[in-house]
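Worksheet: one structure, shown below.
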Amino acid sequence: MKSLKYCFHPSIISRIPSCILSANRRYLATDQNASTKTEANNTTEAQAEIGPSAPELQVNNLTGDYQHVFEIALNRAERRNALGKQLLSQLDATLDSIKDNNAIRCVLFRSMVPNVFCAGADLKERLTMPQEEVGPFVSKIKEIFSKIFGLSVPTIVALDGLALGGGLELALACDIRIAAHTAKLGLTETKLGIIPGAGGTQRLPRLIGVAKAKELIYTGRILDGQQAYEFRLVNEVVKQNAQSDAAYQRSLEIAREIAQQGPLAVRMAKQAINKGSEVDLQTGLDVEEGCYDTVLTSEDRIEGLKAFQEKRKPIYKGV
1 MKSLKYCFHP SIISRIPSCI LSANRRYLAT DQNASTKTEA NNTTEAQAEI GPSAPELQVN
61 NLTGDYQHVF EIALNRAERR NALGKQLLSQ LDATLDSIKD NNAIRCVLFR SMVPNVFCAG
121 ADLKERLTMP QEEVGPFVSK IKEIFSKIFG LSVPTIVALD GLALGGGLEL ALACDIRIAA
181 HTAKLGLTET KLGIIPGAGG TQRLPRLIGV AKAKELIYTG RILDGQQAYE FRLVNEVVKQ
241 NAQSDAAYQR SLEIAREIAQ QGPLAVRMAK QAINKGSEVD LQTGLDVEEG CYDTVLTSED
301 RIEGLKAFQE KRKPIYKGV
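Counting along the sequence shown from 1, when you hit position 212 you're at 212 in UniProt numbering, and nothing is skipped either side.
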């Protein structure tokens, strides 16, 4: 298997604000004198760049076997990846920069901070906000998470640790959730006298059913990975490893599998599912027909048929 490298594609660098990039980009494992690195070495180098001096958000175009997978990594160790203004601003800018990039076939969210995905809102920062700013700020978080949900390509989130409140709401906006058995997941807002305000009261019931969602939100209960799987909150639970990145490693495998499929077909499948699940069955079938018509006239469809006939791997272009 080819090595996993962390790098920026030039077209993406040009559209991402400089505040997301560190001055010397040390956190990118891009040794110009070495053509290959192991996955473990890359992960170690990336994780070494955490702390106050590191960027709060790292974005990477993966290469080799993981080509066409775009990674967004939370990296605010001193605040357990709490959703503060700067982190959210960088996330918003990143989403805007990639939404029309057809070279990306899957987006993978993860954390660079061991045992933490996202602890939720930055409550210390929230306490300093004037009352009139809080409502618009929460609405902005909801808007950013809706951008994640609305991405045309599949999204996966690796939950190798704590994901509470807004951290879990971010995960709920993704298509696929993979959790380590040691993860801690919960919408805990009622413990603070508030309710989930970034989509949790709407996405959780649609995912696990109204009754179960009410139970979790009313109680503010925190689930481990196995319990989350039993609630159907996550797609898969994996045993945590010594590197505390088992969910990430499993997410990489799924992302690679997705990226090998016809990209236009996958995008249309996501559109058909997302739009169809919000309407009645007949309207949903009409949505599916429209999406199918799009792939029916595509170059990818012809390439897929030729590759099948010639017994070779298809070379898809996404058109």
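Glycine included, C-beta positions come from ideal geometry on N, C-alpha and C.
Quiz item: Applying the criterion that 16 or more other CB atoms from any shown protein chain within 10 Å of the CB defines a buried residue, is Ser53 buried or exposed?
Solution: The pLDDT assigned to Ser53 is 48, lower than 50, so where the model puts this residue is not dependable; a value taken from the coordinates is nonetheless given after this. The residue is exposed, with fewer than 16 neighbouring Cβ atoms inside 10 Å.
Quiz prompt | For Ile222 and His181, the rounded distance between their alpha carbons | solution = 13 Å
Quiz item: Does DSSP classify Ser139 as helix, strand or coil?
Solution: helix
Practice problem: Buried or exposed for Arg232, please, with buried defined as at least 16 other CB atoms from any protein chain shown within 10 angstroms of its CB. | Solution: exposed
Quiz item: Taking just the CA atoms, how far does Ile254 sit from Arg25?
Solution: Below a pLDDT of 50, predicted positions are generally treated as unreliable, and Arg25, at 32, falls in that range; no measurement from the model is reported.
Quiz item: Would Ala73 pass as a contact of Ile141 if the rule is Cβ separation under 8 Å?
Solution: no
Quiz item: If you follow the alpha helix (DSSP H) that Cys291 is part of, which residue opens it and which one closes it?
Solution: 281 to 296
Self-check item: Within 8 Å, strictly: CB atoms of Phe117 and Leu162
Solution: yes
Exercise. Pull up the DSSP beta-bridge partners for Ala179, would you.
Key: Leu159, Val237
Quiz item: In the DSSP assignment, what are the bridge partners of Ile72?
Solution: Paired residue(s): Val59, Phe109.
Quiz item: What is the C-beta distance between Ile315 and Glu303, in whole angstroms, given that I count them as a contact (C-beta under 8 Å)?
Solution: Approximately 6 Å separates the beta-carbon atoms of Ile315 and Glu303; this is inside 8 Å, confirming the contact.
Quiz prompt | Residue burial classification, Thr94 (beta-carbon count within 10 angstroms, cutoff 16) | solution = buried
Quiz item: If you drop the 5 nearest sequence neighbours on each side, which residues of the same chain put their C-beta closer than 6 Å to that of Leu268?
Solution: Residue identity check: residue 268 is Met in the sequence provided, not Leu. So the qualifying residues of the chain are Cys291, Thr294, Val295.
Practice problem: Evaluate the contact criterion for the stretch 279 to 287 versus the stretch 241 to 250: three or more CB pairs, one atom per stretch, below 8 Å. | Solution: Cβ pair count under 8 Å is below three, so no.
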